[in-house]
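Note sheet for the following structure.
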Amino acid sequence: MLAATSIVALVVYVYYKHEQQPLQKVMVHVTRSTEKGFLDKDKILTFVNNNLNDTIRLKDVNIGLLEDSLAQTPWVDKIDAYTDIDGNLIINLRESKPVLRVFNQFGTSFYLDKTGNILPLSKNYSPRLRIANGYIQTNPVKGFNNINDTVYKKSDLKKLLYISTKIDQFRFLKSLIGEVYLNSRHEFDLIPAVGNQVIRLGDTVNLDHKLENLAIFYKKALVYQGWDTYKTVSLKYKNQIVCTKK
């Protein structure tokens, strides 16, 4: 019993001494898959230092408030802040990773990540992504930052992201398809990055099967006949591909 009490007392003492330490240094680490990105470490560091004001001891650092403040930055996917034994404040940030850039009919453009989060454009960084374009009538609504929010219930953004996500599951198509287009008939077309075909996808019914057929078609037919043989490639009909020659 005495030993347990001593250990507790020691832990409390060590914690107290740690909290009384002067704040030594703020260190910001950003994790992302590319060398450049949306988040600027120097600007984040300046923001943190300004928010700390004249904080001189670790006990005065409100880590919860700091995390909440940084989480308001739209390109922050995850944040973890803590103080170490040397008196440093460590801030680890994981940058959001957009997978689709949307252009709507109103001249507005924004990104979507794989979970449907809506991300604004940045003056500092513009990644090369697949595009969603056409008769898209959805504008981001302030305060609702995910396409699964009820305010986007009638939007086509879910289907556009769904199609793009499915395309990425086919290694060959992932690099081939550069654009998902919502046409005036409210059907979806795919625009390849190579060649001048328009791929008529139609709706999202049996999407896996349609894309599987498309991958086989490209690998077997167009490799031998050439990329510019056909004007349109239609996947709208069950178990068949209908092509129109140029």
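In this note's numbering, the protein residues as written are 55 to 300.
Yeah, the Cβ is synthetic: ideal placement off N, Cα and C, and Gly gets one too.
The structure presented is a predicted model; accordingly, all values stated were derived computationally and were not measured.
Using a 10 Å radius around the Cβ and a threshold of 16 neighbouring Cβ atoms, would you call residue i buried or exposed?
i	result
TYR284	buried
ILE270	exposed
SER218	buried
PHE92	buried
PHE242	buried
GLY188	buried
ILE139	exposed
ASN158	buried
PRO174	exposed
VAL259	exposed
Rounded to whole angstroms, what is the Cα-Cα separation between residue i and residue j?
i	j	result
PHE294	ASP282	Phe is not the amino acid found at residue 294; the sequence shown has Gln there. Whole-angstrom Cα-Cα distance: 20 Å.
PHE226	LYS208	32 Å
SER177	HIS263	Reading off the sequence, residue 177 comes out as Lys, not Ser. Their backbone Cα atoms lie some 39 Å apart in a straight line.
TYR206	PHE164	15 Å
VAL65	LEU124	Residue placement at VAL65 cannot be trusted, given a pLDDT of 39 that sits under 50; the coordinates are not used to answer.
GLY197	LYS273	45 Å
THR88	LYS95	14 Å
LEU230	ILE133	34 Å
TYR235	THR192	14 Å
TYR291	ASN237	18 Å
ARG148	VAL102	16 Å
SER288	THR85	41 Å
ASP131	GLN251	37 Å
LYS300	LEU211	32 Å
TYR136	VAL115	10 Å
TYR179	TRP129	11 Å
THR305	VAL195	The chain is shown only over 55 to 300; residue 305 falls outside these bounds and no answer can be derived.
ASP203	ILE172	11 Å
ASP257	ARG239	10 Å
ALA275	GLY249	14 Å
GLU233	THR162	17 Å
LEU143	GLN78	8 Å
THR127	ASN267	41 Å
PHE224	VAL82	37 Å
PHE160	GLN279	39 Å
ILE110	LYS90	33 Å
Is it true that the CB of residue j sits closer than 9 Å to the CB of residue i?
i	j	result
ASP167	SER150	yes
LEU265	LYS220	yes
ILE201	ILE145	no
ILE253	LEU244	yes
LEU214	ALA186	yes
ILE190	VAL156	yes
VAL80	LEU119	no
PRO76	GLY170	no
ASP222	VAL296	no
* Those runs of the alpha helix (DSSP H) which lie wholly inside the segment 236 to 300 and span at least 4 residues -> If we require 4 residues or more, the alpha helix (DSSP H) runs fully inside the segment 236 to 300 come out as 261 to 271.
* What residue ranges within the segment 75 to 117 form continuous beta strand (DSSP E) runs of no fewer than 3 residues, ordered along the chain? -> Runs found: 79 to 85.
* **Whole beta strand (DSSP E) elements within the segment 160 to 222, 3-residue minimum** => Within the segment 160 to 222, the complete beta strand (DSSP E) runs of at least 3 residues are 163 to 167 and 184 to 188.
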